[in-house]
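All remarks here apply to the structure that follows.
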Amino acid sequence: MPEGHTIHRIARDHSKLLVGREVAVSSPQGRFAADAERVDGHVLERIEAYGKHLFYHWDSREIGHVHLGLFGKYRISRSGDDGLPEPRGQVRMRLATDDVAIDLAGPTACTIDPPGVRRGIIARLGPDPLRRRSKPDAMIERVSRSRRGVGDLLMDQSVVAGVGNVYRAESLFVCGIHPLRTGTDCDPAELEALWATISGMLRQGVKDGRIVTVGRDESGVARNRRIPRSEATYVYKRERCLRCGSEIVRLDIANRTSYHCPLCQPR
DNA sequence: CGTATATGGATAC
DNA sequence: TATCCCTATACGT
Numbered sequence: 552m553p554e555g556h557t558i559h560r561i562a563r564d565h566s567k568l569l570v571g572r573e574v575a576v577s578s579p580q581g582r583f584a585a586d587a588e589r590v591d592g593h594v595l596e597r598i599e600a601y602g603k604h605l606f607y608h609w610d611s612r613e614i615g616h617v618h619l620g621l622f623g624k625y626r627i628s629r630s631g632d633d634g635l636p637e638p639r640g641q642v643r644m645r646l647a648t649d650d651v652a653i654d655l656a657g658p659t660a661c662t663i664d665p666p667g668v669r670r671g672i673i674a675r676l677g678p679d680p681l682r683r684r685s686k687p688d689a690m691i692e693r694v695s696r697s698r699r700g701v702g703d704l705l706m707d708q709s710v711v712a713g714v715g716n717v718y719r720a721e722s723l724f725v726c727g728i729h730p731l732r733t734g735t736d737c738d739p740a741e742l743e744a745l746w747a748t749i750s751g752m753l754r755q756g757v758k759d760g761r762i763v764t765v766g767r768d769e770s771g772v773a774r775n776r777r778i779p780r781s782e783a784t785y786v787y788k789r790e791r792c793l794r795c796g797s798e799i800v801r802l803d804i805a806n807r808t809s810y811h812c813p814l815c816q817p818r
């Protein structure tokens with residue numbers, strides 16, 4: 552379930568387990584074996600999240616890069632009486648200490664690179680609302696000068712980093728913006744509000760460990776109450792709008808299914 | 001058992 | 001715009 556919130560949550564959780572320690576790095580599946588060897592046994596100094604990218608800073612000065620893509624997943628297992636459990640399924644990378652193993656399966660990217668690679672990736676990304684001191688200026692500038700649709704622009708990681716298909720649908724819904732509205736037709740105040748909405752949703756996502764967008768603009772909803780998936784979004788993957796009951800419209804935008812409410816988000 | 005689907009993105013036209 | 005890659009899970013037969 553990888554949008555930006557997942558990545559930042561992983562960086563936070565995995566840091567507690569691995570940072571400052573010598574880490575055994577391996578590739579049970581084999582495809583990462585040559586890279587794994589280069590940092591195996593080194594101390595992990597920091598795990599950094601930027602948009603949907605993860606960077607592992609090793610004391611060898613090399614940097615691990617992981618991008619989960621659509622399918623990538625981590626699994627954590629603890630050491631038992633027989634030590635660490637065998638990897639299950641296709642495990643590209645295993646990061647292990649004496650008491651914990653973190654297994655990565657199905658990533659789009661998993662490499663060990665010189666520092667320039669990280670710099671190049673970050674240079675191509677727009678501002679990430681989850682990073683400290685990030686500002687919406689660059690996003691607003693890009694969007695307001697573009698004739699592309701807002702639904703298209705939000706999926707472009709060089710415009711904003713970390714937004715995926717769920718947050719695209721949900722943030723545009725909350726802001727009442729039709730996904731096909733062009734960037735040039737949005738005024739700066741609207742885009743400020745859109746940034747604030749995205750930022751708030753992503754932060755909530757990091758806390759919850761999943762995407763629950765309902766209740767952000769209402770009062771009195773206990774966020775830690777168990778909310779079933781069917782009530783977690785306003786429009787994403789729904790048949791009818793959670794607010795007004797209108798039939799949700801699906802469009803193909805930027806190669807992905809976009810969802811919007813024709814009544815709450817008029818063209 | 002098969003098949004469809006998924007919160008992504010690079011690359012080839 | 002179309003195609004491909006990566007893996008697990010849900011669901012139908």
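Per my numbering, residue 552 is the first one in the first sequence, and the count goes up by one each step.
Ideal Cβ positions, reconstructed from N, Cα and C, are used throughout, including at glycine.
C-beta contact flag for residue i and residue j at 9 angstroms
i: Val717; j: Tyr787; result: yes
i: Val642; j: Glu613; result: no
i: Leu704; j: Gly727; result: no
i: Ser630; j: Asp649; result: yes
i: Leu595; j: Val651; result: no
i: Tyr810; j: Arg789; result: yes
Selection from the options that minimises the alpha carbon distance to residue i
i: Pro666; options: Glu798, Asp679, Gly615; result: Gly615
i: Arg698; options: Val570, His565, Leu731; result: Leu731
i: Met752; options: Tyr785, His729, Asp736; result: Tyr785
i: Arg807; options: Gly715, Ser797, Glu554, Ile778; result: Gly715
i: Val725; options: Arg563, Pro813, Val594, Gly631; result: Pro813
i: Ala805; options: Cys737, Asp707, Glu790; result: Asp707
i: Asp664; options: Val701, Ser628, Trp609, Gly657; result: Trp609
i: Glu741; options: Gln580, Leu793, His556, Ser722; result: Ser722
i: Pro687; options: Glu588, Trp746, His556; result: Trp746
i: Ser566; options: Arg684, Ile598, Pro739; result: Ile598
i: Arg693; options: Val574, Ala712, Arg684; result: Ala712
Counted within 10 angstroms of its Cβ, other Cβ atoms place residue i as buried (16 or more) or exposed
i: Gly671; result: exposed
i: Lys603; result: buried
i: Ile691; result: buried
i: Pro658; result: buried
i: Gly821; result: Residue 821 cannot be examined here, being either before or after the span of the chain that is shown, 552 to 818.
i: Ala600; result: buried
i: Pro579; result: buried
Limits of the beta strand (DSSP E) - the one that residue i falls within
i: Leu541; result: Because the chain here runs from 552 to 818, residue 541 falls outside it and cannot be looked at.
i: Val617; result: 614-618
i: Lys624; result: 624-629
i: Arg807; result: 807-811
i: Tyr718; result: Per DSSP, Tyr718 belongs to no beta strand (DSSP E); it is in the alpha helix (DSSP H), 716-725.
i: Arg597; result: 595-601
i: Leu605; result: 604-609
i: Ala647; result: 644-647
i: Ser577; result: 575-577
Residue span of the alpha helix (DSSP H) that contains residue i, given as start and end
i: Gly555; result: 555-569
i: Glu741; result: 739-759
Taking only runs that begin and end inside the region 649-702, name each unbroken beta strand (DSSP E) of 3 or more residues, in chain order. Taking only runs of at least 3 residues, the beta strand (DSSP E) segments lying wholly in the region 649-702 are 651-656, 660-664.
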